[in-house]
Amino acid sequence: MNKGRRRGIALPPGRSFSFNQNDFSKGNLYSIDKHNETYIKQNNAEQSPTKEAHEDTTRNLFRRDRRSSACSMTLPLGPERRRKNSFQIGRLTSSRIQGLVQQDDIESHFTVILGSPAVGKTALVVRYITGRFVHEYDPTLEMTYEKVQEVGNVKGILRIMDTAGSIESCTSYIRKAEGIIVVYSITDRYSFETAKDYLRTIKEYQRLGSPFDYELPTILVGNKRELRRGREVSRDEARATAKEFGCLFIESSAAYDRNVQKIFTNLFLQIHRIKQERQTTIANNARGFVSSVKNFFQSKKK
Numbered sequence: 001m002n003k004g005r006r007r008g009i010a011l012p013p014g015r016s017f018s019f020n021q022n023d024f025s026k027g028n029l030y031s032i033d034k035h036n037e038t039y040i041k042q043n044n045a046e047q048s049p050t051k052e053a054h055e056d057t058t059r060n061l062f063r064r065d066r067r068s069s070a071c072s073m074t075l076p077l078g079p080e081r082r083r084k085n086s087f088q089i090g091r092l093t094s095s096r097i098q099g100l101v102q103q104d105d106i107e108s109h110f111t112v113i114l115g116s117p118a119v120g121k122t123a124l125v126v127r128y129i130t131g132r133f134v135h136e137y138d139p140t141l142e143m144t145y146e147k148v149q150e151v152g153n154v155k156g157i158l159r160i161m162d163t164a165g166s167i168e169s170c171t172s173y174i175r176k177a178e179g180i181i182v183v184y185s186i187t188d189r190y191s192f193e194t195a196k197d198y199l200r201t202i203k204e205y206q207r208l209g210s211p212f213d214y215e216l217p218t219i220l221v222g223n224k225r226e227l228r229r230g231r232e233v234s235r236d237e238a239r240a241t242a243k244e245f246g247c248l249f250i251e252s253s254a255a256y257d258r259n260v261q262k263i264f265t266n267l268f269l270q271i272h273r274i275k276q277e278r279q280t281t282i283a284n285n286a287r288g289f290v291s292s293v294k295n296f297f298q299s300k301k302k
C-alpha cells in the first residue's frame with residue numbers, strides 16, 4: 001500500500017452529499033466506527049453492510065470539486081492508520097453559497113488566518129465551520145473555507161484562508177485580505193513572538209504598501225486556553241500587545257469550543273462596519289462633487 005494513499009467514506013448508491021452546518025449536530029453524516037468493521041447512519045436504524053462490502057466502498061473518497069456541492073473529508077480507518085491520516089474539510093462550494101454569491105444584497109469577505117505551525121489554526125476554522133474538533137490534519141495544506149454568517153440583520157459569506165506559509169511570505173496573504181486572525185498558543189512562547197512578528201508585518205504593510213485608507217481588521221488569538229497550566233504567555237502581556245498594534249485580543253479553546261464563534265463573528269462585524277463606512281464616505285463624496293459641479297455651472301450662467 002502506498003504511503004500517501006488515503007481512504008474515505010463512501011455513500012450508499014443513489015445518495016449524494018452536500019454540506020450543511022446543521023448536519024453535524026443532527027447526525028446526518030456517515031461515519032466509520034472505531035474498529036473499521038461497519039459504517040452506520042447515525043440517525044437511522046439501517047443495518048450496516050458487511051466488512052467486505054465496506055472495504056470495497058471505502059475506496060471512494062470525497063474530494064474537492066468546485067462544480068459540486070461537496071466537502072473534502074478524510075477519516076482514519078483504524079488505530080493502525082490513525083497517525084498517518086487526518087480529518088480535512090475542503091472548500092465548501094454548496095449550491096446555497098453559490099446562490100448567495102450571485103445576489104446583490106449579500107456580502108462576501110475574504111480573510112486569512114496566520115500563525116506558527118501547530119497553534120490550532122485549522123482546528124479553530126473547522127470548529128467554526130462544523131462545530132467539531134479535529135486532532136490531526138496536514139499542516140502543509142493551504143485551504144479556503146466558506147461559511148454563511150448571520151448576525152442580527154447582517155448576512156454575508158465569510159471566506160477563510162488557512163495558510164501554511166511562513167512569516168516571510170505572509171505579505172501575499174495580507175494583500176488579499178479584508179480581515180486577519182493571528183493565532184498563537186498560550187503554551188508556546190515562541191509562537192507568541194512569531195505572532196508579534198506577523199502583527200508588525202501587517203502594520204508595516206499598511207503604512208508603506210497598503211492601497212487602503214483604513215485599519216485592516218485584525219484579531220490576536222491566544223489558543224489552547226484549556227492547557228493554561230502550561231501557560232507561557234500571560235493574558236496581560238497579550239492584551240498589551242494587542243493594544244500596541246491596535247487589534248482585538250481573544251483567548252480561545254478550539255478543543256472545548258471556547259470563544260471560537262466570537263472570534264469569527266467579531267471579525268465579520270468589523271469588516272462589515274468598515275465597508276459600510278467606506279460606502280457612506282464614497283456616497284457623500286460623490287454627492288459633494290455633483291453639488292460642486294452644479295454650483296460651478298450655475299455661477300457661470302449668472
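Just so we're aligned: the sequence shown equals residues 1 to 302 in the UniProt record's numbering. For every residue, glycine included, the Cβ atom is placed at its ideal position computed from N, Cα and C.
**Message:** So, for Val-125: in the same chain, excluding its five sequence neighbours on each side, which residues have a beta-carbon less than 6 Å away from its beta-carbon?
**Reply:** If we look at Val-125 and ignore the five residues flanking it on each side, its Cβ neighbours are Tyr-145, Ile-160 and Asp-162.
**Message:** Just to confirm my understanding: we take Phe-192, look at its own chain, exclude 5 residues before and 5 after, and list those with CB closer than 6 Å. What are they?
**Reply:** Closer than 6 Å at the Cβ level, and outside the excluded window around Phe-192, lie Tyr-184 and Val-233.
**Prompt:** Which two residues bound the contiguous beta strand (DSSP E) that contains Ile-157?
**Reply:** If you look at Ile-157, you'll find it in the beta strand (DSSP E) that goes 154-162.
**Three-state class that DSSP yields for Glu-232 in the structure shown** = In the structure shown, Glu-232 sits in coil (DSSP, three-state: anything other than H, G, I, E or B).
**Prompt:** Got a sec, what are the start and stop residues for the beta strand (DSSP E) Leu-114 sits in?
**Reply:** Note, Leu-114: beta strand (DSSP E), 107-115.
**Request:** With a cut-off of 8 Å on the beta carbons, I'd call Lys-155 and Ile-129 a contact; round off their distance for me.
**Result:** About 17 Å separates the two Cβ atoms, so there is no contact after all.
**Request:** Label Ile-256 either buried or exposed according to how many other C-beta atoms from any shown protein chain fall within 10 Å of its C-beta, with 16 as the threshold for buried.
**Result:** This sequence places Tyr at residue 256; Ile is not what is there. So Tyr-256 ends up on the exposed side.
**Prompt:** Taking DSSP as the reference, what is the three-state secondary structure of Asn-266?
**Reply:** It is helical.
**Request:** Report all residues from its chain with a CB closer than 6 Å to the CB of Leu-220; omit the five preceding and five following residues, and keep chain order.
**Result:** Excluding the 5 residues flanking it on each side, Leu-220 has same chain C-beta neighbours closer than 6 Å at Val-182, Ala-242, Cys-247 and Phe-249, in chain order.
**Asked** What do you reckon, are the CB atoms on Arg-123 and Ala-238 nearer than 7 Å?
**Response** Residue 123 is actually Ala in this sequence, not Arg. No, these two residues do not count as a Cβ contact at 7 Å.
**Item:** Residues sharing a beta bridge with Val-119, DSSP
**Value:** According to DSSP, residue pairing for Val-119 in a beta bridge does not occur.
**Message:** Just to confirm my understanding: we take Glu-251, look at its own chain, exclude 5 residues before and 5 after, and list those with CB closer than 6 Å. What are they?
**Reply:** Closer than 6 Å at the Cβ level, and outside the excluded window around Glu-251, lie Gly-222 and Arg-225.
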